[in-house]
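Here is the structure we will look at, set down as structure tokens.
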Amino acid sequence: MIRWLIGAIGLCAVTSSAFAAEPLTISIGYLGQAGIKATLSLVELPSENDGSAGARLAIEDNNTTGRFLKQQFGLDEVRVKDGDDVAGAARTLAGRNSFIIADLPPDALLQAADAVRDRGSVLFNVGAADDRLREADCRANVIHIAPTRSMLADALAQYLVWKQWKRWLLVVGSHDEDRLEADAYRRAAARFGAKIVQERVFEDTGGARRTDSGVTLIQRQIPVFTQQAPAYDVMIAADESEVFASYLPYRTWDPRPVAGSAGLVPTSWHAAQDQWGAVQIQNRFTKLNARRMTARDMQAWLATRMIGEAASRTNSGDGKAILAFLKSPDFSIAGFKGQRLTIRDWNLQLRQPILLVDGRMVVSVSPQDGFLHQVSELDTLGIDRPESKCRLQ
Amino acid sequence: MMNRSKMLRRVWLCGAAVWFATAAPASAFLAYISNEKSNTVSVIDTDSWTVTATIKVGQRPRGIELTRDGKSVLVAVGDDDTIQIIDVASQKVVDSLPSGPDPELFTQDAAGKVLYVANENDNTVTVIDLEKRVRIGDVQVGVEPEGMAISPDGKILINTSETTNMAHFIDTATREIVANVLVDARPRFAEFKRDGSELWVSSEIGGTVSVIDPAKRVVTDKIEFNIPGLRREAIQPVGIGMTRDAKIAFIALGPANRIAIVDAATHKVIKYLLVGQRVWHMAFTPDEKYLLVTNGVSNDVSVIDVAAQKVIKTIQVGELPWGVAMARP
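Chains A and B, in that order, are what the protein sequence lines are. Heads up: the first sequence runs through residues 1 to 393, numbered per the numbering used here. Heads up: the second sequence runs through residues 1001 to 1329, numbered per the numbering used here.
What follows is the structure, encoded as structure tokens:
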């Protein structure tokens, strides 16, 4: 009799706790790098939490929604230093989280992706723009939020061609990433009918980015470097390494605008973006982080919101269910860019409009009117399905 | 004042007899258009279809509505964090309401005593006593509250939240959320059928209008839009207008530059009307003969003949027209 009673009480306890519905906890890993990449301009120096600050805002947004669905989101952040075991860090994070937002250079990203592949973990690439990660080196467990170099270059090229600035003088830095960026501009010029009238290489001879009498020297150097050029409309700088591009505007021998790595810059996000309700996210971000929102912050916000969106639509925290939803044709996400953002199913790249900014204002948003496509005009940016070398596996 | 002197000048120019013969016949109404960029409200006479006054208001006017007593037009000026009151008789801003930060859309109860305001920046709905002009409560809702509607029986307030993607059902007596219904991305506007049998919610980024059963609180149907030659991303439903007999609904499709006319019983699109660029919101004349819609990017208002289902007129207003409210002169 007593046993029966205890059994019955036990059963009641189980059912009532099931009905009280503990919130479902969904933890998201964040794998970033320690240290800050140097920039020429002091105002563009990234914060320590560049990227993860965006993820934190999205966690708050997901939790506001989660209150109504009994879902609770958390962020599990790890930063690796140069030379650290990225694969090991990824495995540790994957032990605690089904999803990892990764802000890593391309090789480290591939190591991390391959290390957690057998566990079924999914990485969201919010940092690396390399086309090869979506092409020959694509992975079935990596979703790319960051736009590629080719998407960025195409976005700028469409605007310059619309503007009838079709003669480009291309200035390329001497580092590998600079060359990859230059490749993207060459491809864009060929695709959209611009002509690169000449290329010049700006050698990185070392030296400090900040000196006490820098301006005097730069003012003499840059006009000399840019003189005797064939007739051109716009100077395109490919300088991801932040060595010279920001020195170009207003100092070129011929009075010409600068675009690319300085001047008119293509980017996924900017603190000046205020269209399509964007003021709201800018305000929320500034309130939470006491600084302005960068492209990397937005990319991490989007990744985290995509997980939240999938969790609310599938009413599930299960990694497989969420991934299946993200890859399904039903998936789309609102990203304050005037239209839905979707995923290219052949290489898991997020389609997105690209902003063209001058540092203070959004000058234009690509794709430009008139660049048509049979599937989505967003696919006029970057490598399209028929050209793709990616075979997801 | 400027308006009156203009009128006087016109009287002298045209001749008093002509003026008095054409001015304000009994059927004319006044449409108040909020111009988001100009920080003004344009007043359109629906008889002459001309702008008869331009009222200076606060920064970024968007949501606009006539009070139930017909004496005032309320306009949310988001960047000034308030709702201004325009006196219909004098066509001047006479007061403001403590709306909470960044008000965008709002709705009133049937008696016109309580105003519910969506505060985009604050994840709240603010409740205001319209007579005393004081804030009497808040409700915490999802991220970026926007669309507001009240059920015909006055018991349920609907708020849509743009980043949470839900329609929140709020009990007006307790001011507690009693249900949440997930809809497609970026829900912007909510509208009940007059008999309370259906709630329609437009999703701007999702590209659909969800039809919700307000009793069961579930989505029962989704209205989709296919316009040949237009890409799916450009079809962004925003404002909704339904005739009183609940037979026909008009849905503004944003950058698709069209109004969809929908059979409100079958939820099927009957036809698309080409209007101006980025069409936002709308209001019927009280006799439901005409529907006025705001075209954000082309800076004008299209007039639709409701019975003929045709655009009959386009009227230039201020920059980036957004909302429209209808009043009797």
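Note that CB positions come from ideal geometry on N, CA and C, so glycine has one too.
When only Cα atoms are considered, residue 1084 (chain B) and residue 219 (chain A) end up about 53 Å apart. A direct Cα-Cα distance of roughly 39 Å separates residue 122 (chain A) from residue 203 (chain A). Apart from sequence neighbours up to five positions away, the residues of its chain that approach residue 241 (chain A) with a beta-carbon distance below 7 Å are 173, 175, 177, 178 and 204, ordered along the chain.
Under the three-state reduction of DSSP, residue 167 (chain A) is assigned to strand. Three or more pairs of CB atoms, one per stretch, sit closer than 8 Å, so the region 1123-1141 of chain B contacts the region 1152-1165 of chain B. No Cβ of chain B is located within less than 7 Å of the beta carbon of residue 297 (chain A).
Within chain B, the residues whose beta carbon sits less than 9 Å from that of residue 64 (chain A) are 1123, 1140, 1141, 1142, 1143, 1161, 1163 and 1164, listed in sequence order. No Cβ of chain A is located within less than 7 Å of the beta carbon of residue 1283 (chain B). The criterion of a C-beta distance shorter than 7 Å is not satisfied by residue 1137 (chain B) and residue 1104 (chain B). Contacts between residue 280 (chain A) and chain B, judged by CB atoms closer than 9 Å, involve 1102, 1120, 1121, 1143, 1144, 1162 and 1163 in chain order.
At least one C-beta of chain A is nearer than 7 Å to the C-beta of residue 1205 (chain B).
Inside the region 94-129 of chain A, DSSP marks whole alpha helix (DSSP H) runs of 4 or more residues at positions 106-116, from first to last along the chain. At a cut-off of 3 residues, the continuous stretches assigned as beta strand (DSSP E) that sit fully inside the region 1213-1289 of chain B are 1218-1224, 1240-1242, 1248-1252, 1258-1263, 1268-1274 and 1279-1284. Pairing residue 1272 (chain B) with residue 1252 (chain B), the inter-Cα distance amounts to about 10 Å.
Three or more beta-carbon pairs separated by less than 8 Å are not found between the region 268-284 of chain A and the region 28-36 of chain A, which leaves the two stretches without contact. For residue 368 (chain A), there is no enclosing beta strand (DSSP E), as DSSP marks it with neither H nor E. Among the CB atoms of chain B, one or more fall inside 7 Å of the CB of residue 283 (chain A).
Taking the Cα positions, residue 109 (chain A) is about 33 Å away from residue 196 (chain A). Beta-carbon to beta-carbon, residue 1264 (chain B) and residue 1247 (chain B) are separated by about 6 Å, close enough to satisfy the 8 Å threshold. In this structure residue 129 (chain A) is not in contact with residue 305 (chain A), their Cβ atoms being roughly 20 Å apart against a cut-off of 8 Å.
Counting only residues of its own chain and dropping the five nearest sequence neighbours on each side, residue 385 (chain A) has a CB closer than 6 Å to the CB of 346. For the 7 Å CB-CB criterion, residue 125 (chain A) and residue 28 (chain A) do not form a contact. Restricting attention to alpha helix (DSSP H) runs no shorter than 4 residues, the region 192-219 of chain A encloses none. Scanning A:63, A:275 and A:78 for the CA closest to the CA of residue 72 (chain A) turns up A:63. For the region 239-282 of chain A, the continuous beta strand (DSSP E) assignments of 3+ residues that do not extend past its boundaries occur at 258-260 and 265-267, in sequence order.
Counted as a single uninterrupted DSSP element, the beta strand (DSSP E) harbouring residue 1062 (chain B) occupies residues 1061-1066. Check the Cα spacing between residue 1060 (chain B) and each of B:1287, B:1239, B:1041 and B:1131: the tightest is with B:1041. Between the alpha carbons of residue 1077 (chain B) and residue 313 (chain A) lies a distance of about 34 Å. Per DSSP, residue 68 (chain A) is one residue of the alpha helix (DSSP H) stretching across 52-69. For the 7 Å CB-CB criterion, residue 336 (chain A) and residue 253 (chain A) do not form a contact.
Contacts with chain A at 7 Å (Cβ-Cβ) do not include residue 1039 (chain B). Among the CB atoms of chain A, one or more fall inside 7 Å of the CB of residue 1180 (chain B). With the rule of 3 Cβ pairs closer than 8 Å, the region 1198-1215 of chain B counts as touching the region 1227-1245 of chain B. Under the Cβ distance rule, residue 291 (chain A) does not count among the residues neighbouring chain B, no pair being separated by less than 7 Å. Those residues of the region 335-364 of chain A placed with their C-beta closer than 7 Å to a C-beta in chain B are 339 and 340, ordered along the chain.
In this structure, the beta-carbon distance from residue 1147 (chain B) to residue 1189 (chain B) falls below 7 Å.
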